[in-house]
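Colleague: Numbering (my numbering), first residue to last: 1 to 148.
I have a structure here, written as structure tokens, and I will follow up with some questions on it.
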Amino acid sequence: MAKDRPPFDRSRLSLRRRTHLGSSRDAINLAVQQTMEHLGSICSREDVMADLEIVLREGLANAALHGNQAAETKSVFLRFYGSREQGLWIAIRDEGSGFDPDAVPDPRGEDRLLLHHGRGIFLMQQLVDDIEYRKGGTELLLYKAPPI
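Next comes the structure, spelled out in structure tokens:
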């Protein structure tokens, strides 16, 4: 997407967290639950919280299950920063070999409509204001603009 994001002013952030988790569904569920509790301190809109939960689940699942191929020896790294005034930044990084986001097929294609997978990246693109892939596709940076 690469839209213009506001300058990142660390001094004005009221929420700063970083953690890492294993590459299992249980680890993803726990990380989402804990992260959503933290996000509640800066986000008061139920619709935005619902969107952020979907984005977190999809991003963490992609990193753990596709990037790390669910390898128990590999971690997923999660950072999130934000404030009501500046919005929210979420960074998710895996220890996989990366991927080319442009090579991911559009899930709206006629041949893909009935598949039960392949919509995560599309969903994230619809629910945040900016999405960027870094480090050869091993890191995902998401931005949700205010009001949150």
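Note that beta-carbon positions come from the ideal geometry of N, C-alpha and C, so glycine has one too.
Use the C-beta contact count for S11: other C-beta atoms within 10 angstroms, 16 or more gives buried, fewer gives exposed.
Modeller: Per the 10 Å Cβ criterion, exposed.
Colleague: Based on DSSP bridge pairs, tell me the residues matched to D130.
Modeller: Note: D130 sits in a beta bridge opposite Y143.
Colleague: For my contact list, L65 and V32 are in at a C-beta cut-off of 8 angstroms; report their separation, rounded to the angstrom.
Modeller: About 14 angstroms separates the two Cβ atoms, so there is no contact after all.
Colleague: How many whole angstroms separate the CB atoms of G22 and E72, which I take to be in contact at a CB cut-off of 8 angstroms?
Modeller: G22 to E72, Cβ: 7 angstroms. Contact.
Colleague: Could you give the DSSP three-state label for S75: helix, strand or coil?
Modeller: Reduced to three states, the DSSP call for S75 is strand.
Colleague: Three-state secondary structure (DSSP) at G59?
Modeller: Helix.
Colleague: I need the DSSP call for L21, collapsed to helix, strand or coil.
Modeller: Strand at L21.
Colleague: Using C-beta distances below 8 angstroms, list every residue in its chain close to D106, excluding the 5 sequence neighbours before and after it, in chain order.
Modeller: If we look at D106 and ignore the five residues flanking it on each side, its Cβ neighbours are R112 and F122.
Colleague: Cutting at 8 angstroms between CB atoms, please list the residues of its own chain near P96, excluding the five before and the five after it.
Modeller: One detail in the question is off: residue 96 reads as Gly in this sequence, not Pro. Closer than 8 angstroms at Cβ, skipping near neighbours: A63, H66, G67, N68, Q69, K74 and T138.
Colleague: Helix, strand or coil: which one does DSSP assign to L113?
Modeller: Three-state result, L113: coil.
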